[in-house]
Each structure stands twice: as C-alpha cells, then as structure tokens.
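**Student:** Here it is, the structure, as structure tokens.
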Amino acid sequence: PSVRVQIWSAVDSDHGTSSRFSPASRSRWCYLGRRGPSSQPLRRRWCRRGHVFSGTPNPTFGVSAGELKSLCQLLELAETTTPAPTCRVVGFLGWRLCPAAPSESQDCMMLRGEPRSDTFLLEALLHSHADLPEAVFTHIREEMVLLERGGARECDAHAPASFVPDVNCSVPVLGPDDPSAVKFDPQQDDRGCFVNQQSNNNCYDYANDIVTNTFAQPGRGSGVCPPHTRPCVPHTCDDVKKAAVSDGLVWVGADLPKDLPARGHYVSLHIWPNSNFHWLRMDSNKLWSHKPGGSSVRNVDNNGKIISDPSKADVSPWSQHCGYLLATPSKSTITMLSLGESPQALIV
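Start counting the sequence shown at 158; every next residue gets the next number (our numbering).
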C-alpha cells in the first residue's frame with residue numbers, strides 16, 4: 158500500500174507538496190505503484206491538507222497499485238504535468254497525491270489541468286465517494302474544463318506565511334474580544350497558530366478567531382450534534398446560522414456592517430447549496446479575510462481582489478450569501494471539544 162489521493166485546494170496550502178509532477182517524480186510514483194499486487198488496495202488515510210471544501214475535510218481515496226500504473230501510463234502521454242495556473246482560493250483546484258506511509262507524508266505531488274489524469278481521478282472519486290452531492294461533481298467537471306484550457310494567467314502569486322517558531326499552540330487559542338485588535342496578520346494572529354496548525358483549523362475556526370485544532374463545525378461545540386457527526390447540520394443558510402447562534406454567535410442581519418462593534422467582530426456566512434459552508438471575518442480595517450479549509454489564510458477572493466463586501470466577493474461555488482453575525486471569542490462554545498476531546502479523534 159503506497160498512495161492516497163485528495164482533492165486539493167491551493168499550490169501553497171501544503172508546504173510539503175511539490176507544484177510540479179516532474180519526470181523524476183513520475184518515475185518515483187510509478188515505482189511505488191509496482192510495489193504490491195495490482196489487486197491490492199492501498200491504505201486510505203486521512204489527508205490533512207488542501208480542500209475543495211472549506212468547512213469540512215476533503216474527500217480522500219486510495220489508489221490501488223494497478224490503478225496507479227494506469228495513471229502513470231496516462232502521465233507518460235501528457236504534454237506537460239506542470240499544474241495549470243489558477244486564481245482560485247476556494248473550490249476545486251486539483252488533485253494531491255501522497256504516499257500512504259506516514260513516514261513519507263511530506264513527499265506529495267499535485268496534478269491539475271491535464272485532461273487524461275483529471276478524468277481518471279474524477280472517475281475514481283465517483284466510485285469511492287458516490288454519496289457526495291451531485292453539485293460537487295458538477296463543480297469539479299466545470300473547473301476541469303477551465304483548467305484544461307490553460308487556467309488563469311494573471312493572478313499574483315500568494316506567498317504563505319512562514320512557520321512561527323517557539324509558540325505554544327495548545328488549544329484553545331483565543332483571539333481578542335477587542336475589535337480594533339482583530340487584524341489580517343497570520344503570523345501574529347492567535348500567536349501564529351493558524352499558520353503552525355494550518356491543516357487542523359478551518360474557516361469557522363478562523364472566523365471565530367479561535368484555534369481549536371478540531372476543524373470546528375457550527376453547532377458541534379454547543380451540543381447540537383454528537384461530536385463525530387459530519388456535517389453537524391444540513392448545509393443551508395438557516396440551519397448553519399441557527400447552529401452558529403447556538404455556539405454563541407449573534408445574528409446581525411443581511412446588511413453589510415459599516416462600523417466595528419463595541420466588542421467582538423463581524424463574520425459573514427456563505428453556503429455552497431447542500432454541499433458545504435464558508436465563513437469570512439471582518440478585520441479592524443473593515444476589510445475581510447478568510448481561511449479556506451485547511452489551507453492558508455487569505456484576504457482576497459477567487460479573482461484576487463481585496464474583500465470589502467463579502468456579498469459581492471467571488472467565493473464560488475459558495476454562491477449563497479446568508480448574512481452577518483457577531484462573534485466574540487470569549488463567549489464562544491466552539492472551544493468545548495478542544496478542551497475535552499482529542500482533536501485527532503475528531504478530524505479523522
């Protein structure tokens with residue numbers, strides 16, 4: 158057993174992922190594919206980095222040795238295996254291939270925009286995760302077409318924040334209740350733990366400004382659902398809003414907040430209908446930032462634009478803007494699981 162595949166988010170969402178699938182890398186993967194009987198399925202491991210989803214972990218599936226051999230044969234036919242460029246910060250951005258062995262977990266490669274391999278991996282995803290909403294497969298197919306046409310060419314490269322040394326990220330790590338202290342500064346925000354614990358925290362953690370290392374789910378910390386339920390509530394504006402209110406957030410309304418609150422900070426809720434949720438956070442400069450799933454913190458949308466009005470930002474396929482809530486870190490219950498449960502047990 159040697160390889161696992163994950164739908165992937167962004168080139169920089171994983172410091173251990175190469176942005177090229179070079180001939181040498183391809184030879185390595187083809188070698189890995191010959192290490193066992195072709196009928197033997199590879200171990201299916203939870204993969205902690207990169208997302209097509211934002212609120213919940215990505216689908217991960219195993220590739221048998223025989224399937225990997227077929228994939229390598231397709232890659233041999235490819236004109237290039239350099240990932241097509243993309244401006245996306247949320248949504249489908251490709252496929253991440255990693256060894257199943259934990260000791261080799263940093264030796265990952267990504268594929269994006271090569272028609273044969275994209276189609277092959279989509280069929281494998283359909284086979285292994287047939288229970289995913291049809292909207293997810295539709296979105297992936299649409300993005301595959303755009304990527305195979307060459308992708309985007311005019312986006313500024315995003316440099317992820319560097320690992321922050323010598324910090325204590327024991328959970329929970331709470332951000333400030335003072336709205337003037339809520340800033341887009343990943344290396345300082347919550348001691349830099351959204352950088353150091355990037356893969357263990359999602360958009361809801363970041364929006365609340367609380368590092369939990371549990372990939373927090375609206376309603377889970379306040380007991381709306383059992384700890385291991387995923388999703389905790391249906392992915393609709395009303396259900397996710399009610400779950401967040403149960404966690405201690407306060408509904409504000411549909412109108413864009415113009416000023417900072419007296420205490421806490423505003424957050425914006427977005428829904429990919431019946432598929433996933435996404436949250437953005439208003440910072441002290443009245444601009445908005447977000448953390449797409451287990452990838453890095455951003456302050457731009459899918460068009461590379463600074464976000465001044467979340468209702469007008471391109472965070473597709475999260476197409477429904479539900480409105481705004483007030484989050485106060487010291488009043489939130491999303492920390493309850495990080496106090497009493499093993500984060501690893503909650504994420505896998």
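Here a beta-carbon is modelled for each residue, glycine too, at the ideal position from N, C-alpha and C.
Measuring alpha carbon to alpha carbon, tell me which residue in Q230, R245, G219 and A287 is nearest C255.
**Tutor:** Answer by Cα proximity: G219.
**Student:** Within 10 Å of its beta-carbon, does D347 have 16 or more other beta-carbons around it, so buried, or fewer, so exposed?
**Tutor:** Buried, since its Cβ has 16 or more Cβ neighbours within 10 Å.
**Student:** Classify R306 as helix, strand or coil using the three-state DSSP reduction.
**Tutor:** R306: coil per DSSP, three-state reduction.
**Student:** Could you say which of G480, D334 and K462 lies nearest to V246 if we only look at CA atoms?
**Tutor:** Checking every option, the nearest Cα to that of V246 belongs to K462.
**Student:** Looking at C-alpha atoms only, which residue of V381, H392, N353 and P336 is the closest neighbour of N365?
**Tutor:** Of V381, H392, N353 and P336, the residue nearest in Cα terms is P336.
**Student:** Starting from the Cα of G248, find the closest Cα among L303, L331 and L225 and give me that residue.
**Tutor:** Nearest of L303, L331 and L225 to G248, Cα basis: L303.
**Student:** Please classify T213 as buried or exposed, where buried requires at least 16 other C-beta atoms within 10 Å of its C-beta.
**Tutor:** That one is buried.
**Student:** Between I491 and H286, what straight-line distance do the alpha-carbon atoms span, to the nearest angstrom?
**Tutor:** Each residue's alpha carbon lies about 28 Å from the other.
**Student:** Look at G451 and N359 and say whether their C-beta atoms are less than 8 Å apart.
**Tutor:** For G451 and N359, yes; Cβs fall inside 8 Å.
**Student:** Where in the region 320-401 do unbroken runs of the alpha helix (DSSP H), each at least 4 residues long, occur, reported from the N-terminal end onward?
**Tutor:** Taking only runs of at least 4 residues, the alpha helix (DSSP H) segments lying wholly in the region 320-401 are 350-353 and 360-365.
**Student:** Could you give the residue range of the alpha helix (DSSP H) that holds C244?
**Tutor:** C244 -> no alpha helix (DSSP H), and no H or E assigned at all.
**Student:** Comparing C-alpha positions only, which one of G223, P272 and N215 sits nearest to P240?
**Tutor:** Comparing Cα-Cα distances from P240 to each of G223, P272 and N215, the minimum goes to P272.
**Student:** In terms of alpha-carbon separation, which member of W252, A281 and M493 lies closest to R377?
**Tutor:** R377 has its Cα closest to that of M493, out of W252, A281 and M493.
**Student:** With DSSP run on the structure shown, which of helix, strand or coil describes G223?
**Tutor:** Helix at G223.
**Student:** Hey, could you find the ends of the beta strand (DSSP E) S425 is sitting in?
**Tutor:** Looking at the DSSP string, the run of the beta strand (DSSP E) that includes S425 is H422 to W429.
**Student:** Note down the Cα distance separating D288 from G421, rounded to an integer number of angstroms.
**Tutor:** Using only the alpha carbons, I get a separation of about 38 Å.
**Student:** Tell me R269's beta-bridge partners as DSSP assigns them.
**Tutor:** Bridge partners of R269: none, in fact.
**Student:** If you compare alpha carbons, which of L225, G480 and E233 is closest to T393?
**Tutor:** For the residues L225, G480 and E233, the minimum Cα distance to T393 belongs to G480.
**Student:** Among E291, P290, L228 and P322, whose alpha-carbon lies nearest the alpha-carbon of T276?
**Tutor:** The shortest C-alpha separation from T276 is found at L228.
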